[in-house]
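Going by UniProt numbering, the residue at position 152 of the sequence shown is 152; the numbering climbs one at a time, nothing skipped.
All C-beta atoms, glycine included, are put in the ideal place defined by N, C-alpha and C.
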Amino acid sequence: MTYALSYNYDVMSKIQSHDNFLHNFNRMTLETPREQPVLYVTMATWIPKCNVYRHIIDLHCSSQRAHRSRQYERGSSAERRYKRSHRRSPTSKKRHRHRHDSSSRKNHSRRSHTSEQSSRAPSIEDDEEGHLIYRTGDILQDRYKILGTLGEGTFGKVVKVKDVDLDHSMALKIIKNVEKYREAAKLEINVLEKIADKDPESIHLCVKMLDWFDYHGHMCIAFEMLGLSVFDFLKDNNYQPYPLDQVRHIGYQLCYSVKFLHDNKLTHTDLKPENILFVDSDYDLVYNTKKRRDVKRVKKTDVRLIDFGSATFDHEHHSTIVSTRHYRAPEVILELGWEQPCDVWSIGCILFELYLGITLFQTHDNREHLAMMQRILGEIPVRMAKCTKTKYFYKGKLEWDEKSSAGRYVRDNCKPLLRYKQIDDVEHSQLFDMIFKMLEYEPTQRITLKDALSHPFFDRIPSHQKLGEQGSGDRKRSLSR
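Next comes the structure, spelled out in structure tokens:
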């Protein structure tokens with residue numbers, strides 16, 4: 001399970017506009033103009049022998065992607081092939097990956113701003129950083145018994161708790177008693193509640209928040225337990241790609257869920273494999289004749305969409321930079337403004353990654369990112385090149401030295417999109433046709449998720465996996481604050 005304690009420029013700008021404070025708080029998924037990520041939060045490590053989740057909040061500048069590169073310094077030929085396709089770029093900096101979780105359940109919401117003493121009467125004290133000081137066995141709100149710490153980060157801790165009323169375990173995120181973090185948490189809670197109002201049964205696959213409350217200045221958010229993220233399962237499976245039928249089902253659910261957000265005038269802005277969680281990540285071991293070893297195959301591919309910490313309503317301020325680097329749309333990089341199509345671009349990148357087990361745009365630099373796009377997708381439209389105020393183009397052409405070390409890196413590690421297709425048959429061709437449409441440079445020409453759900457690639461979805469139009473009336477109403 002993945003839980004995040006993270007907020008972005010956009011979230012903080014909303015706080016600033018309402019409360020006139022906070023100027024320079026950045027989300028770890030975003031990068032400053034110098035491309036220096038300021039915070040990296042990772043939670044979710046599966047411990048197979050114990051069969052439990054351990055949530056890790058990593059505040060270092062390392063990343064799962066960097067770990068992936070190190071892991072492939074040795075291994076099978078397939079692993080060495082992965083290493084070759086993901087050599088560090090000469091312009092790259094350390095990659096910052098993170099894990100989030102956000103969810104919503106109206107019937108368990110707690111809006112009390114008072115707190116009850118636990119049965120063990122814990123002292124209500126904070127440490128010098130603002131973390132709540134607690135002990136195993138403390139009971140918060142006369143309901144949540146702390147079983148242990150799952151992780152901690154810059155703006156809070158995640159603990160495993162037992163809901164003594166309902167007799168089941170969940171994860172409780174305890175935010176620091178610091179105003180900027182507390183206010184940011186309230187904004188995310190607001191989005192989650194709006195989603196729950198429109199989709200109380202979660203038929204649109206947005207993860208549920210079970211409860212929230214203010215405990216002596218600490219915003220606390222309780223989440224249901226889910227399985228691994230599709231990224232963590234991929235990583236634990238040595239980056240063995242998902243079978244095409246699983247790529248199809250995951251992609252179908254993702255399009256369906258994000259379409260619900262778009263229909264309700266909301267843009268997620270941080271779609272990536274880490275933010276797509278399996279409901280149940282149990283797996284079978286299947287012998288792979290090509291690799292001559294067993295590989296994991298997840299039994300059920302039902303997923304939930306998480307992390308609404310940077311979700312933005314259409315009428316709200318749109319921060320300049322959104323999305324995690326590798327899933328960032330060209331209009332965002334070029335600072336041309338963005339709308340819901342930026343989510344569609346991210347989905348295209350995700351489908352590619354699930355299909356091949358590698359990241360499509362493995363870079364950390366804007367100019368190099370644009371060069372990779374051109375190598376894979378063709379020339380960036382002149383209109384976009386001329387409209388941008390960034391300094392990456394001269395007379396409508398990207399300024400890029402192909403003879404430099406960075407130029408050689410892009411040439412050696414990127415190729416036209418169709419050359420990544422593993423099998424030249426109808427199903428694989430349909431997938432790549434849809435990815436092409438999702439990676440259209442011009443946002444206005446990019447396929448909508450409504451049209452994507454009608455794409456031939458999804459025609460083969462089994463009837464028991466198809467999602468109906470329940471709640472279509474609700475989608476006509478706005479989620480706006």
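For residue 298, the secondary structure class from DSSP, reduced to helix, strand or coil, is strand. Inside the stretch 136-221, DSSP marks whole alpha helix (DSSP H) runs of 4 or more residues at positions 179-198, from first to last along the chain.
No Cβ-Cβ contact shorter than 9 Å links residue 301 with residue 268. Across the set 180, 182, 321, 305, the C-alpha of 321 shows the shortest separation from the C-alpha of residue 342. Residue 209 places its beta carbon 9 Å or farther from that of residue 171. For residue 337 against residue 315, the beta-carbon gap comes to about 14 Å, at or over 8 Å, which does not count as contact. As computed with DSSP, residue 238 is found in no beta bridge at all.
Under DSSP, residue 126 forms a beta bridge with 132. Put simply, the stretch 289-304 does not touch the stretch 411-428. Fewer than three CB pairs are less than 8 Å apart.
Burial state of residue 287 is exposed, judged by a 10 Å Cβ sphere holding fewer than 16 other Cβ atoms.
The shortest C-alpha to C-alpha distance from residue 232 to any of 261, 281, 259, 189 is the one to 281.
CA-to-CA, the gap between residue 354 and residue 329 works out to about 18 Å.
Annotated three-state conformation of residue 292 is coil, per DSSP. Excluding its 5 nearest sequence neighbours in each direction, residue 400 has C-beta neighbours in its own chain below 7 Å: 367, 371, 407, listed in chain order. Looking at 261, 285, 296, 253, the one whose alpha-carbon comes closest to that of residue 279 is 253. Taking C-beta separations shorter than 6 Å and ignoring five residues to either side along the sequence, the partners of residue 348 in its chain run 435, 438, 439, following chain order.
If the five residues before and after residue 243 are omitted, its C-beta is found closer than 8 Å to the C-beta atoms of 297, all from its own chain and listed in chain order. Per DSSP, the unbroken beta strand (DSSP E) holding residue 303 starts and ends at 303-305. For residue 436, the uninterrupted alpha helix (DSSP H) run begins and ends at 426-438, by DSSP.
Within the same chain, and ignoring the five residues on either side of residue 344 in sequence, the residues whose Cβ sits closer than 6 Å to its Cβ are 438, 446. Non-local beta-carbon contacts of residue 136 in its own chain, meaning distances under 7 Å to residues more than five positions away in sequence, involve 146, 147, 148 in chain order. Judged by DSSP secondary structure, residue 278 falls within the beta strand (DSSP E) whose first and last residues are 276-278.
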